[in-house]
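Asks: Chains as they are written, first to last, in the working numbering: chain A, 8 to 610; chain B, 63 to 267.
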């Protein structure tokens with residue numbers, strides 16, 4: 008500690024956290040429906056995201072039925088298959104993962120973890136949810152309009168997305184684009200809340216570097232989203248104008264069914280740049296909150312401080328920054344300048360450095376930890392393995408020369424499902440098992456949790472490992488039916504059948520999970536205030552579930568970071584963030600001042 | 063406090079300066095509203111930057127036919143400058159505890175902004191009458207897109223303006239109005255800046 012630092016400290020007055028005028032509901036409608044309490048909004052976001060996510064899940068079953076058993080199911084034709092593909096992708100990436108991590112976990116955890124009574128702009132927070140719900144409704148309605156939902160593929164590439172012959176160009180694509188625009192407007196309202204709450208509404212003593220990594224992950228992911236979603240917004244509006252007003256932002260001159268279209272000289276490539284300028288950060292919008300959650304859960308369930316906290320924070324920030332200069336690795340086959348390809352391949356490989364650093368830190372946190380193989384911990388370990396797998400195949404695809412033959416094969420599908428489908432979903436499960444006791448006051452059933460974990464974890468590998476092989480032998484993605492080809496062996500069809508059966512089995516495990524949640528809300532074992540003996544503030548609330556205002560009469564004061572586990576000389580194996588140093592019980596053998604920190608870490 | 067300095071701390075060490083006391087909360091010594099507005103303006107900047115980049119990209123295409131610039135656009139620009147100046151006048155009033163200054167500034171800011179938006183719609187009408195439809199050339203489409211995006215942001219600002227104005231009408235004190243007028247002023251100045259950049263872009267193309 009330099010003298011300069013000490014002097015600076017002397018001139019900065021102790022800051023008091025002002026009590027805010029807390030919103031109070033006076034009617035059940037404003038308490039449970041149009042509610043401004045972040046916890047209620049979080050549950051609304053989560054429930055909506057999970058419901059629409061279930062629709063996405065069912066769509067994936069339908070896709071797999073077609074791929075596994077072609078020509079068996081009459082109700083699946085090529086048109087509906089492309090609609091399933093499109094809606095599945097869009098629902099899962101935007102309306103489930105983004106909404107659940109930021110709208111769901113962000114709303115629930117940020118105020119509780121930083122020691123705030125609520126978000127800083129609660130009214131805007133409430134509007135954010137209702138606009139999100141409207142976006143989901145508009146998207147869902149697109150299934151039922153004439154022509155059905157869009158079948159353009161989730162990337163919505165023009166000119167095909169709004170050209171004759173693509174399913175859903177009558178109303179489906181219009182509703183899809185309107186829904187995306189609404190989603191972004193709603194998210195921006197929520198995102199401003201998350202960022203400003205973290206910056207300005209922390210409890211006394213909760214310095215930035217004492218925040219749990221979950222908050223760091225959500226905070227940086229929100230900044231990414233606020234900077235990246237405008238690209239999708241602009242692309243969405245411009246495509247909407249191309250479709251509705253006949254402008255030519257993205258639509259080139261084309262001959263459709265023997266006739267020239269009215270469009271002229273639009274740039275489909277411009278759309279791809281805008282889309283992926285959003286699309287790649289989107290991967291990290293989902294991944295960074297997951298990184299944070301995993302860090303906190305493994306630290307808690309291994310009873311050990313997170314290894315390299317400061318590097319973990321910086322890695323989150325570095326990954327966030329780098330994620331904006333890698334987007335064109337999704338476009339190697341678009342005919343870009345090879346020098347561009349080289350640049351984007353290089354940045355793509357560089358981003359593996361901070362990501363690998365996080366991997367090592369998680370493993371080193373587990374090393375010699377008092378590991379409790381609870382359900383949240385199991386899911387986190389599964390995440391580490393899965394993200395590693397998905398990340399390594401990302402190294403394949405990040406290199407231009409390897410990407411070109413693998414592009415548009417099932418290898419790509421396997422890669423991105425491992426890295427941004429299965430991996431974040433495993434973290435969502437970990438987070439639900441971990442924080443459900445705080446949200447409901449009850450534990451989820453352990454046995455059903457074990458069943459859910461093992462089927463989901465092993466099942467996912469049995470689905471996606473064979474898919475890599477299918478990609479290697481050249482099975483293309485997005486094909487309704489490949490039929491007989493010279494290069495795809497007959498065993499690929501058998502493998503496809505196997506994958507489909509596994510998908511249905513894993514799907515069944517999710518039904519068990521949903522049942523576990525519903526039954527445990529009413530009949531689960533009482534959890535108490537802090538069943539995991541965790542240190543962070545959300546576990547130190549006066550009541551469980553936390554009441555309105557979160558922390559009873561007085562806001563907490565924070566004395567240390569969120570990873571004070573197994574500290575030498577301290578009786579308990581955890582010290583809550585808000586426990587004053589004088590109240591920390593020492594072991595009989597400990598002498599001198601309270602050992603706030605492990606001595607070896609002072610080096 | 064520097065954010066960078068804050069992020070170099072080692073939270074696992076006992077900081078002698080903080081061992082017995084806990085200090086600091088907000089990252090900035092600003093009200094949450096001001097921080098929120100600044101973050102929002104960053105988002106707005108990204109939107110306009112992306113449209114501008116797309117515009118610059120499409121200008122290079124062979125069939126780009128620049129639009130004429132009706133003289134009314136110059137008048138509209140003057141109106142927007144006037145609205146921004148009126149907002150500044152209101153803000154100065156809040157600093158000097160001058161209620162009449164706040165009132166006059168807010169009223170004129172609203173009048174000039176409405177006039178600006180009406181003027182923009184008039185320009186659209188003129189151009190449509192001359193046959194410059196959005197679907198006849200991409201330059202036209204960009205003109206309508208840019209002016210619509212800016213106009214919608216101004217219209218959104220008018221909602222905040224209306225809230226401040228209503229509170230003033232209901233008898234709010236200068237102190238009560240200070241923050242909201244300050245936020246409106248920042249927003250107006252920023253949207254004026256954006257408009258000047260867009261207008262310059264339209265002129266040079």
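Just so you know, even glycine gets a beta-carbon here, dropped at the ideal spot from N, CA and C.
Model, not experiment: these values are computed from the prediction.
Can you tell me whether residue 262 of chain B is helix, strand or coil according to DSSP?
Replies: helix
Asks: Closest by CA to residue 223 of chain A, which one among A:397, A:254 and A:301?
Replies: A:301
Asks: Run through the segment 311-349 of chain A for me and flag every whole alpha helix (DSSP H) of 4 or more residues, listed as ranges in chain order.
Replies: You should have 316-329.
Asks: Can you find the residues in the same chain that come closer than 6 Å, C-beta to C-beta, to residue 387 of chain A, ignoring five residues on each side of it along the sequence?
Replies: 301, 304, 305 and 437
Asks: Based on Cα-Cα distance, which residue from A:318, A:338, A:586 and A:196 lies nearest to residue 101 of chain B?
Replies: For the residues A:318, A:338, A:586 and A:196, the minimum Cα distance to residue 101 of chain B belongs to A:196.
Asks: Mind checking residue 65 of chain B: buried by the 16 CB within 10 Å criterion, or exposed?
Replies: exposed
Asks: Sorted by chain position, which residues of the same chain lie with C-beta nearer than 7 Å to residue 12 of chain A's C-beta, five sequence neighbours on each side aside?
Replies: Annotation note: pLDDT 34 at residue 12 of chain A (below 50); position unreliable, no value reported.
Asks: Output yes if chain A places a C-beta closer than 9 Å to the C-beta of residue 105 of chain B; else output no.
Replies: With 9 Å as the cut-off, residue 105 of chain B counts as an interface residue toward chain A.
Asks: Please return the same chain residues whose Cβ sits closer than 6 Å to the Cβ of residue 444 of chain A, not counting the five positions on each side in sequence.
Replies: 450, 534 and 538
Asks: Please decide whether residue 224 of chain B counts as near chain A, where near means a Cβ-Cβ distance under 9 Å.
Replies: no
Asks: Closer than 9 Å, CB to CB, is residue 119 of chain B near chain A or not?
Replies: yes
Asks: At a Cβ threshold of 9 Å, is residue 85 of chain A touching chain B?
Replies: no
Asks: Would you mind working out which of A:124, A:453, A:83 and A:315 sits nearest residue 520 of chain A, comparing C-alpha positions?
Replies: A:453
Asks: Who are the near neighbours of residue 500 of chain A in its chain, counting only those whose CB is closer than 7 Å to its CB and skipping five residues on each side?
Replies: For residue 500 of chain A, same chain residues with a beta-carbon under 7 Å away, outside a window of 5 residues either side, do not exist.
Asks: Can you tell which of A:330, A:259, A:281 and A:63 has the C-alpha that lies nearest to the C-alpha of residue 230 of chain A?
Replies: A:330
Asks: Applying the criterion that 16 or more other CB atoms from any shown protein chain within 10 Å of the CB defines a buried residue, is residue 286 of chain A buried or exposed?
Replies: Under this definition residue 286 of chain A is a buried residue.
Asks: Under a CB-based cut-off of 9 Å, is residue 68 of chain B close to chain A?
Replies: yes
Asks: From residue 70 of chain B to residue 317 of chain A, what does the alpha carbon distance come to, in whole angstroms?
Replies: 7 Å
Asks: Jot down the residue ranges of each uninterrupted beta strand (DSSP E) in the segment 95-153 of chain B, minimum 3 residues, whole runs only, in chain order.
Replies: As far as the segment 95-153 of chain B is concerned, it has no whole beta strand (DSSP E) run of at least 3 residues.
Asks: Residue 43 of chain A to residue 222 of chain B, Cα distance in whole Å?
Replies: 20 Å
Asks: By the three-class DSSP mapping on this structure, what secondary structure does residue 249 of chain B have?
Replies: The answer is helix: DSSP assigns residue 249 of chain B an H, G or I state.
Asks: Buried or exposed: which applies to residue 545 of chain A, given that a residue is buried once 16 or more other Cβ atoms fall within 10 Å of its Cβ?
Replies: buried
Asks: Find the residues of chain B that neighbour residue 271 of chain A, judging by a C-beta separation of less than 7 Å, and give them in chain order.
Replies: 125
Asks: Mind listing the chain A neighbours of residue 113 of chain B? Cutoff is C-beta to C-beta under 8 Å, in chain order.
Replies: Simply 241.
Asks: Looking at residue 45 of chain A: is its Cβ nearer than 9 Å to the Cβ of residue 129 of chain A?
Replies: yes
Asks: Which residue spans inside the segment 89-175 of chain A form an unbroken alpha helix (DSSP H) run of at least 4?
Replies: 114-121 and 129-148
Asks: Using the C-alpha atoms, what's the distance from residue 435 of chain A back to residue 491 of chain A?
Replies: Between residue 491 of chain A and residue 435 of chain A, the C-alpha separation is close to 40 Å.
Asks: Indicate whether the contact test is met: 3 or more Cβ pairs, each with one atom in the segment 171-186 of chain A and one in the segment 142-151 of chain A, closer than 8 Å.
Replies: Taking 8 Å as the limit for Cβ pairs, the verdict is that the segment 142-151 of chain A does touch the segment 171-186 of chain A.
Asks: From this set, A:484, A:239, A:158 and A:385, which residue's C-alpha is nearest residue 458 of chain A's C-alpha?
Replies: A:385
Asks: Flag this pair as touching only if the segment 73-83 of chain A and the segment 112-119 of chain A have three or more C-beta atom pairs under 8 Å; answer yes or no.
Replies: Note that the segment 73-83 of chain A does not touch the segment 112-119 of chain A; fewer than 3 beta-carbon pairs, one per stretch, sit closer than 8 Å.
Asks: If you draw a straight line from the C-alpha of residue 88 of chain A to the C-alpha of residue 261 of chain A, how long is it?
Replies: 26 Å
Asks: What in chain B is Cβ-close to residue 320 of chain A, meaning under 8 Å?
Replies: 69
Asks: Counting Cβ pairs, one atom from each stretch, are 3 or more of them under 8 Å apart for the segment 230-238 of chain B and the segment 156-164 of chain B?
Replies: Yes: at least three Cβ pairs fall under 8 Å.
Asks: Let me know if residue 205 of chain A comes out buried or exposed under the rule of 16 or more other beta-carbons within 10 Å of its beta-carbon.
Replies: buried
Asks: For the alpha helix (DSSP H) containing residue 211 of chain B, list its first residue and its last residue.
Replies: 200-231
Asks: If residue 254 of chain B and residue 143 of chain B are in contact, beta carbons under 8 Å, what's the gap, nearest whole angstrom?
Replies: 6 Å
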